[in-house]
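*Asks:*
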Amino acid sequence: MHEENQDHVSNPLPAAEAEKVALAKGTPWFKKINPTWIIIAVFLLLIIIGFSIYKGISQQGQQKTQSAKVYRVGVLAGLNFFLGTIDGFKEGMETLGYVEGENIVYIIEKTPTPVGNEAVIQKFVDQKVDLILTFPTEPSLEAKKVTEGTNIPVIFTNAGLDGVNLIDSIQKPGANITGVQFPTADTAVQRLEIIHEIAPKAKNVWVTYLKDYPIVPEELRRLKPAAESMGITIIEVPATTLDDVKADLEKREKSASLGIDAIIFIPEPLTAAPEAYTLIGNFATKHKLPLGGTLFEDGVDGSLFGYTPDSVEVGKQAAILADKIFKGTPAGTIPVISAENYLVINYKVAQKNGLTISEALLSRARKIIR
């Protein structure tokens, strides 16, 4: 018994140590932390809070600066056929936060012809606009030339790039320019393919265009071999004015034979004018000639189909580019966007001319006029 008691009480803790152990067992965890670490943590927290406040104030200042800026955009409308581009551009810009009359102003110049508008571009330069929007091809070429060395960015729309020196490349257009291209040469070939599908017996297809217009040579270069592969001969009528077109049609009417079986409009400005469209459309209707390529839905209904980009959508695409430019991206580094063609079929004209349009072609149409 004596030995057992000795084992039980052997190596007792000193009184002071025993007290520390007892106190430690009952001490909350946060009281065990070294006070120096608490001071460091508080200091770091204050730094983080201060930086966050500074960043918030800085961002507010930048937003106020941006909202205080009023952007001025010069718009050169060189062809009324594409006027929907302006509406689409304004709509797209408003969606992106640019409200007309508040932080953006549009200076719109509509010209009677798509060529010879350098003075209009120079006017925009003198006014020190923040951006120039142009359409179609020729005004865009003129804008690039006049703005050279000014650092004023140019956005082209509805412009053909084939065979013209408008950009360096699609990915890096270069200089102060970018935009939304109209795939002109491809479109010309595709329009011929559509008319051939609708009227496969047509062997002589009449094509008129504005003489010396820059995108036309490349279109014809691509069009002729495609026509040959379909057994089609392209009958060209280069024209300086609408009178030239009228004279050719009148001559054909006086001949024993018209000498043509169908008509297509290729992408160029002459046939995009309402007066030309009406003249040629009436001729096609009178002689029951298949006609297609461009479609004016609110006028003469001589055309079977239109195959062209939607101008409003093109304008919205241009707005995306403008927003990037206003936020600091150089125009020449922004890749060019390619507009998408849409097929619209006038089924009424097909029925009137006794033509059958396949279900496959109808299924491709974005809209069918019945």
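Under our numbering, read the sequence shown as residues 1355 to 1724, first letter to last. Cβ coordinates follow ideal geometry from the N, Cα and C atoms, glycine included.
#1: Take the Cβ of Val1424 as the centre, count every other Cβ of all protein chains shown within 10 Å, and call the residue buried at 16 or more, exposed below.
#2: Please classify Leu1697 as buried or exposed, where buried requires at least 16 neighbouring CB atoms within 10 angstroms.
#3: Arg1720: which of Gly1514, Ile1549, Pro1466, Phe1659 sits nearest, CA to CA?
#4: Sorted by chain position, which residues of the same chain lie with C-beta nearer than 8 Å to Gln1544's C-beta, five sequence neighbours on each side aside?
#5: Nearest to Ile1586 by CA position, among Lys1555, Lys1600, Ser1611, is which residue?
#6: Please report how far the alpha carbon of Ile1475 lies from the alpha carbon of Ile1486, in whole angstroms.
#7: Leu1596: which of Ile1569, Tyr1563, Ser1717, Ile1617 sits nearest, CA to CA?
#8: Span of the beta strand (DSSP E) holding Glu1590?
#9: Look up Gln1671 in the DSSP assignment and give the residues it is bridged to.
#10: Leu1577: which of Ala1539, Gly1442, Ala1395, Thr1488 sits nearest, CA to CA?
#11: Can you tell me where the alpha helix (DSSP H) holding Phe1637 begins and where it ends?
#12: Counting only runs of 3+ residues fully inside the region 1682–1707, write out the beta strand (DSSP E) ranges in chain order.
#13: Could you pull out every residue in the same chain whose Cβ sits closer than 8 Å to the Cβ of Val1500, ignoring the five residues on either side in sequence?
#14: Along the beta strand (DSSP E) that carries Ile1509, what are the first and last residues, could you check?
#15: For Ala1616, which three-state DSSP category applies?
#16: Report yes if the CB atom of Ile1722 is closer than 8 Å to the CB atom of Ile1699, and no otherwise.
#17: Can you tell which of Ile1462, Ile1549, Gly1451, Leu1515 has its C-alpha closest to the C-alpha of Pro1644?
#18: Between which residues of its own chain and Glu1604 is the CB-CB distance below 7 Å, once the five residues before and five after are set aside?
#19: Is the beta carbon of Phe1536 closer than 8 Å to that of Ala1693?
#20: Below 7 Å CB to CB, which residues in the same chain sit around Val1666 once its five sequence neighbours on both sides are set aside?
#21: Rounded to whole angstroms, what is the Cα-Cα separation between Gly1656 and Lys1642?
#22: Just to confirm before moving on: does the CB-CB distance between Gly1533 and Ser1494 stay below 8 Å?
#23: Let me check understanding here. Comparing Cα to Cα, which of Leu1715, Val1453, Val1429, Phe1650 lies closest to Lys1464?
#24: Bridge partners for Lys1464 per DSSP, in chain order?
#25: So Pro1466 and Gly1517 are in contact, right, with Cβ under 8 Å, and what is the actual spacing, rounded?
#26: Run through the DSSP bridge pairs and tell me what Thr1562 is partnered with.
*Replies:* Looking at the coordinates:
#1: It counts as exposed.
#2: Under this definition Leu1697 is a buried residue.
#3: Comparing Cα positions, the closest option is Phe1659.
#4: Within the same chain, Gln1544 has close Cβ partners Tyr1661, Asn1695.
#5: Measuring from the Cα of Ile1586, the nearest candidate turns out to be Lys1555.
#6: Cα-Cα distance, rounded: 8 Å.
#7: Of Ile1569, Tyr1563, Ser1717, Ile1617, the residue nearest in Cα terms is Tyr1563.
#8: Counting along the chain, the beta strand (DSSP E) containing Glu1590 begins and ends at 1587–1593.
#9: Looking at the DSSP assignment, Gln1671 forms no beta bridge with any residue, so it has no partner.
#10: Nearest of Ala1539, Gly1442, Ala1395, Thr1488 to Leu1577, Cα basis: Ala1539.
#11: Boundaries of the alpha helix (DSSP H) harbouring Phe1637: 1628–1640, taken from the DSSP string.
#12: DSSP runs (the beta strand (DSSP E)) wholly in the region 1682–1707: 1695–1700.
#13: Answer for Val1500: Glu1472, Ile1475, Gln1476, Val1479, listed in chain order.
#14: That run of the beta strand (DSSP E) goes 1508–1513.
#15: Of the three classes helix, strand and coil, the one that applies to Ala1616 here is strand, per DSSP.
#16: Taking C-beta atoms as the reference points, Ile1722 and Ile1699 count as a pair closer than 8 Å.
#17: Looking at Ile1462, Ile1549, Gly1451, Leu1515, the one whose alpha-carbon comes closest to that of Pro1644 is Ile1549.
#18: Nothing meets the Cβ criterion.
#19: Taking the C-beta atoms as reference points, Phe1536 is found nearer than 8 Å to Ala1693.
#20: Non-local C-beta neighbours of Val1666 in its own chain, meaning closer than 7 Å and more than five positions away in sequence, comprise Gly1438, Asp1441, Gly1442, ordered along the chain.
#21: Distance between the alpha carbons of Gly1656 and Lys1642: 9 Å.
#22: Yes, the pair counts as a contact, with Cβ atoms nearer than the cut-off.
#23: Minimum Cα-Cα distance from Lys1464 among the listed residues Leu1715, Val1453, Val1429, Phe1650 corresponds to Val1429.
#24: According to DSSP, which records beta bridges pairwise, Lys1464 is partnered with Ala1431.
#25: Their Cβ separation, rounded to whole angstroms, is 25 Å, which puts Pro1466 and Gly1517 out of contact at 8 Å.
#26: According to DSSP, which records beta bridges pairwise, Thr1562 is partnered with Val1591.
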